[in-house]
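Here's the structure we're looking at; comments come further down.
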Amino acid sequence: MAITLYNVFEYSIVTLALVVRFVSRHIRRNHLWWDDAFIVLSMLHTYGMLAMQYHYARNITLIFKMLVVYQVVYYNAMVLAKLSYLAFYLRIFVSRGFRIAARVIMGCACAYWTGSMLQIFLICHPLEKSWNPLLPGYCASQNVAFSTIGAFNLLTDLLIMALPVHFIWKLQMSIATKVALYGTFGLGLFISAITIIRIHVLTTVDFTDLSYSMIWAAFWSVTEPALAIFNACVPMMRPVFKAAFPGVFSSAKAAYTSGRITDREGEIPLTRLEEQPSKAYTYTPTTYPMGAVTIHC
């Protein structure tokens, strides 16, 4: 029960982060895009996971049936969170090479989802043997399957985190600003840590005693997509905090926005990450009288 209460508290924080994300978009008067749709769908799936964890069955047959559904919902939540972050990249980065790489990683994320679905529905033949071990047929090792899919999940997370590193490094801005941007995009390291913990826990699951051994596996499985959603919302939050604490952000403005990305319509702070990528951007350092320098990635 304590674990479930912790997950409820955790999801309350994530829900608040999602609300702040959309309030920030309203403050900036930015229209919604695919990254917003993906993150909302991911959140709905995670609510479903939390509901299943709260109504955890004690009958072994029901537990096995819930495990099948739980896996489908979990993998849907994770891939939608990944697609949201990659769509966010496509929104703000205009480099052709970067956008190609982002779409390739999108393909990897979809391949991860496809492999996950195949694992769920093909690991036992017939499928009913997944929740009724006494039926004739066969099942492959669930522990090995969980570890393999989990490793691919971790790989896609690392690719998503690594994607903007080169682009940010090439921007002509202060080290402090680069560190702030790396910190924002690097929050995914926490998700990777949770993924590793989850993989380890899943390898220890005893399928002859699921009512006990799945408790921690379910806990980490609920925590992972929640953190992924929170991470996807963090880059959008600054307008709300700036409106709530104008004094703090005005004093930090010089240190945080020493560089700006500009387009033909005017100057856009680096912290405003919601602009559409359809226009060519140039970089203008505000602390040096150098003129506009086109960004090439």
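Sequential numbering from 3 applies to the sequence shown in the working numbering.
Virtual Cβ for every residue (Gly too), placed ideally from N, Cα, C.
For clarity, every value in this text was computed on a predicted model and none was experimentally measured.
Spatial distance of residue i from residue j (CA atoms)
{"i": "HIS127", "j": "ALA89", "result": "37 Å"}
{"i": "LEU20", "j": "TRP35", "result": "14 Å"}
{"i": "LEU204", "j": "ALA219", "result": "6 Å"}
{"i": "TYR87", "j": "ILE162", "result": "8 Å"}
{"i": "LEU275", "j": "LEU82", "result": "With a pLDDT of 38 at LEU275, under the threshold of 50, the predicted position of this residue should be treated as unreliable, though the coordinate-derived value follows. LEU275 and LEU82: Cα-Cα distance of roughly 20 Å."}
{"i": "LEU85", "j": "ASN78", "result": "11 Å"}
{"i": "LEU189", "j": "VAL167", "result": "13 Å"}
{"i": "PHE148", "j": "GLN174", "result": "43 Å"}
{"i": "VAL295", "j": "LYS172", "result": "Interpretation of VAL295 is limited by its pLDDT of 34, a score under 50 that renders its predicted location unreliable; no figure is taken from the coordinates."}
{"i": "ASN145", "j": "ALA39", "result": "33 Å"}
{"i": "VAL75", "j": "SER26", "result": "28 Å"}
{"i": "GLY50", "j": "MET80", "result": "13 Å"}
{"i": "TYR184", "j": "VAL207", "result": "36 Å"}
{"i": "GLU12", "j": "SER194", "result": "18 Å"}
{"i": "THR17", "j": "THR48", "result": "11 Å"}
{"i": "VAL181", "j": "THR150", "result": "33 Å"}
{"i": "THR179", "j": "ASN32", "result": "24 Å"}
{"i": "LEU7", "j": "VAL96", "result": "43 Å"}
{"i": "SER143", "j": "ALA234", "result": "33 Å"}
{"i": "ILE62", "j": "PHE209", "result": "10 Å"}
{"i": "VAL236", "j": "GLU226", "result": "16 Å"}
{"i": "SER118", "j": "ALA245", "result": "42 Å"}
{"i": "PRO135", "j": "LEU120", "result": "19 Å"}
{"i": "ALA254", "j": "TRP222", "result": "Because ALA254 carries a pLDDT of 45, less than 50, the predicted location of this residue cannot be relied on, and the following value inherits that uncertainty. The straight-line gap from Cα to Cα measures roughly 36 Å."}
{"i": "TYR140", "j": "ILE122", "result": "14 Å"}
{"i": "MET68", "j": "LEU129", "result": "13 Å"}
N-terminal and C-terminal residue of the alpha helix (DSSP H) that residue i is part of
{"i": "MET68", "result": "62-94"}
{"i": "ARG31", "result": "Taken as a continuous stretch (DSSP letters only), ARG31 belongs to no alpha helix (DSSP H), as it is neither H nor E."}
{"i": "VAL181", "result": "177-187"}
{"i": "THR197", "result": "190-205"}
{"i": "PHE169", "result": "167-172"}
CB-CB length for residue i against residue j, believed under 8 Å
{"i": "LEU229", "j": "PHE192", "result": "6 Å"}
{"i": "VAL70", "j": "TRP133", "result": "7 Å"}
{"i": "THR116", "j": "ASP159", "result": "Contact doesn't hold; Cβ gap of about 17 Å is too wide."}
{"i": "ILE301", "j": "PRO241", "result": "There is no way to answer for residue 301, as the model of the chain reaches only from 3 to 299."}
{"i": "ASP37", "j": "ARG93", "result": "6 Å"}
{"i": "ILE107", "j": "LEU165", "result": "7 Å"}
{"i": "GLY152", "j": "ILE199", "result": "The Cβ separation is near 10 Å, so there is no contact."}
Per DSSP, the bridge partner or partners of residue i
{"i": "TYR140", "result": "HIS127"}
Contact under 8 Å by Cβ, residue i with residue j
{"i": "LEU52", "j": "ASN9", "result": "yes"}
{"i": "TYR72", "j": "MET54", "result": "yes"}
{"i": "TYR91", "j": "ALA104", "result": "yes"}
{"i": "ILE41", "j": "ILE177", "result": "no"}
{"i": "ARG23", "j": "MET239", "result": "yes"}
{"i": "LEU137", "j": "LYS131", "result": "yes"}
{"i": "LEU212", "j": "ILE102", "result": "no"}
{"i": "PHE100", "j": "PHE169", "result": "yes"}
{"i": "TYR114", "j": "PHE154", "result": "yes"}
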